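One structure is given below, encoded as C-alpha cells.
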Amino acid sequence: MKVRVHVSLKPGVLDPQGRAVHHALEGLGFAGVRDVRVGRLIELDVADDTPDEALEAMCRDLLANMVIEDYRIETPARAAAATSGEPG
Amino acid sequence: MAFRAAVITFPGSNCDRDLAVALETVSGTPALRVWHGDTALPDRLDLIGLPGGFSYGDYLRSGAMAAHSPVMRAVKAAAEAGVPVLGVCNGFQVLTEAGLLPGALMRNAGQTFICRTVPLRVESTRSLFTAGYAPGQVIRIPVAHHDGNYFADADTLDRLEGEGRIAFRYLDACNGSQRDIAGVLDASGRVLGMMPHPERAMEDEQGGRDGRALFEAAVRGLVSA
C-alpha cells in the first residue's frame, strides 16, 4: 500500500524557506501570492495490513518533529473516502 | 581517579576529534571514542560528548537520524542515570531530536550558513558546564551552522527562563533563535546543548580561549564530586 505523509510547519512557526520562495516568486513577476509555506512529502510503501496506529507512530517518532511540525497521512482508503465525499 | 569522557562519532560527525582534544587538554586523559552503532557505552563515564558535524548528512532534519541510532539508547539511559552530556552544534540538534532537551533547531532565519566568532552572554552559572564563568560574562565563541534557529513554544521558553535553564544567549541575533537562545540545560542542569563551539576556542592560536572554562569547570566539578 502506498502511503503519503505530508509534513508541514505548524501554523505560527516562522518559515524562512517559505518566505524566501515567496520573495523569489514575486521577483519572477507572479502577483497575488499571499503566503508560501514549504513542507515535505514522504512516500512510503508499506504492508497492506499496516494499522493506522503504526503509521501515526512513525510520524510522531521520526517523520515529523512534533515541536515544530504537523503531519497528515494519506492512505488509499482515506483518499477514496475523500473523493466519494464520505468522511475520512 | 582519571577523568573518563566518551565522545560519540556518528557518520558525518566532523568535530568529534576537536571535542576529544579539548577534553584531553583540560583533563589530561584521552577521551574514549564511541561509534554510533555501539549499543553500550564504556562503564563509569564522567561525561558524554556529542560532537558537531552533519550526522547522516542532515537527512530528514538535522540530528533526527542520529537521535535514533543504537548508541543513543545508551546515552539516554546514562543521562537519566545522571551522567553529564554536552552536545555541541549537531550534538545539540541530536539532543533536542532525542527529547533530552526541549525545543527544536530550525533553518537559520537568514537562510545562510553562519561561520564566525560571536559574542555570547553567560546566563546561568549554576550548571556543571557554566560554573567557570561569571554571571552575565560575555565570551566569544565560534558558531558554524545552518540550522541553529532555536524554537520552542512560549510556555516552554518561559519555563526555561524561570528555571534558569538558558545557559547562553547571543548578543547579536545571528540566526533568528527565539529569545536569542544559544544554549539550554535540561532540568537536572547536567545536560547542555549549545550551537556555538567551545572546543574551537581553547587556544590563542584558534583566535581565543573563552571555551576552555567550560571544559575546565566540567572536569573540576566531576573530579571533585
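Top to bottom, those sequences are chains A and B. Start counting the first sequence at 1; every next residue gets the next number (the working numbering). Start counting the second sequence at 89; every next residue gets the next number (the working numbering). Here a beta-carbon is modelled for each residue, glycine too, at the ideal position from N, C-alpha and C. Everything numeric in this text was worked out from a predicted model, so none of it was measured.
{"Query": "Is there contact between the stretch 298-306 of chain B and the stretch 198-217 of chain B, where contact requires at least three CB pairs shorter than 8 Å?", "Result": "yes"}
{"Query": "Give me the chain B residues within the contact set of residue 68 (chain A), using Cβ-Cβ distance strictly less than 8 Å, ordered along the chain.", "Result": "192, 194 and 239"}
{"Query": "If you drop the 5 nearest sequence neighbours on each side, which residues of the same chain put their C-beta closer than 6 Å to that of residue 114 (chain B)?", "Result": "303, 304 and 307"}
{"Query": "Which ranges does the alpha helix (DSSP H) cover as unbroken runs of at least 4 residues, wholly within the stretch 41-78 of chain A, from first to last along the chain?", "Result": "52-58"}
{"Query": "Show which residues of chain B have a CB atom less than 7 Å away from the CB atom of residue 62 (chain A).", "Result": "152 and 156"}
{"Query": "Let's see if you can read the secondary structure: which residues bound the beta strand (DSSP E) around residue 164 (chain B)?", "Result": "Unbroken run through residue 164 (chain B) is the alpha helix (DSSP H), 158-168; no beta strand (DSSP E)."}
{"Query": "Leaving out five residues on either side along the sequence, give the residues of the same chain with a beta carbon under 8 Å from the beta carbon of residue 159 (chain B).", "Result": "96, 122, 123, 124, 125, 126, 127 and 129"}
{"Query": "Assuming residue 281 (chain B) is part of the beta strand (DSSP E), what are its boundary residues?", "Result": "279-282"}
{"Query": "Could you please give the first and the last residue of the uninterrupted alpha helix (DSSP H) stretch that includes residue 92 (chain B)?", "Result": "No alpha helix (DSSP H) holds residue 92 (chain B); DSSP gives it neither H nor E."}
{"Query": "Just list the alpha helix (DSSP H) runs in the stretch 124-158 of chain B, keeping only unbroken ones of 4 residues or longer that don't cross its boundaries, in chain order.", "Result": "none"}
{"Query": "Along the beta strand (DSSP E) that carries residue 205 (chain B), what are the first and last residues, could you check?", "Result": "202-210"}
{"Query": "Got a sec: is the Cβ-Cβ distance from residue 20 (chain A) to anything in chain B below 8 Å?", "Result": "yes"}
{"Query": "Rounding to the nearest angstrom, what Cα-Cα distance links residue 94 (chain A) and residue 117 (chain B) in this structure?", "Result": "This structure gives no information on residue 94 (chain A), because the portion of chain A shown stretches from 1 to 88."}
{"Query": "Which of helix, strand or coil does DSSP assign to residue 115 (chain B)?", "Result": "helix"}
{"Query": "Considering only their Cβ atoms, is the gap separating residue 195 (chain B) from residue 17 (chain A) smaller than 8 Å?", "Result": "yes"}
{"Query": "Name the residue from A:83, A:73 and A:77 whose alpha carbon lies nearest to the alpha carbon of residue 4 (chain A).", "Result": "A:73"}
{"Query": "So does residue 91 (chain B) have its beta carbon nearer than 7 Å to some heavy atom of the ligand SAM?", "Result": "The ligand SAM is not part of the structure shown, which contains no ligands of any sort."}
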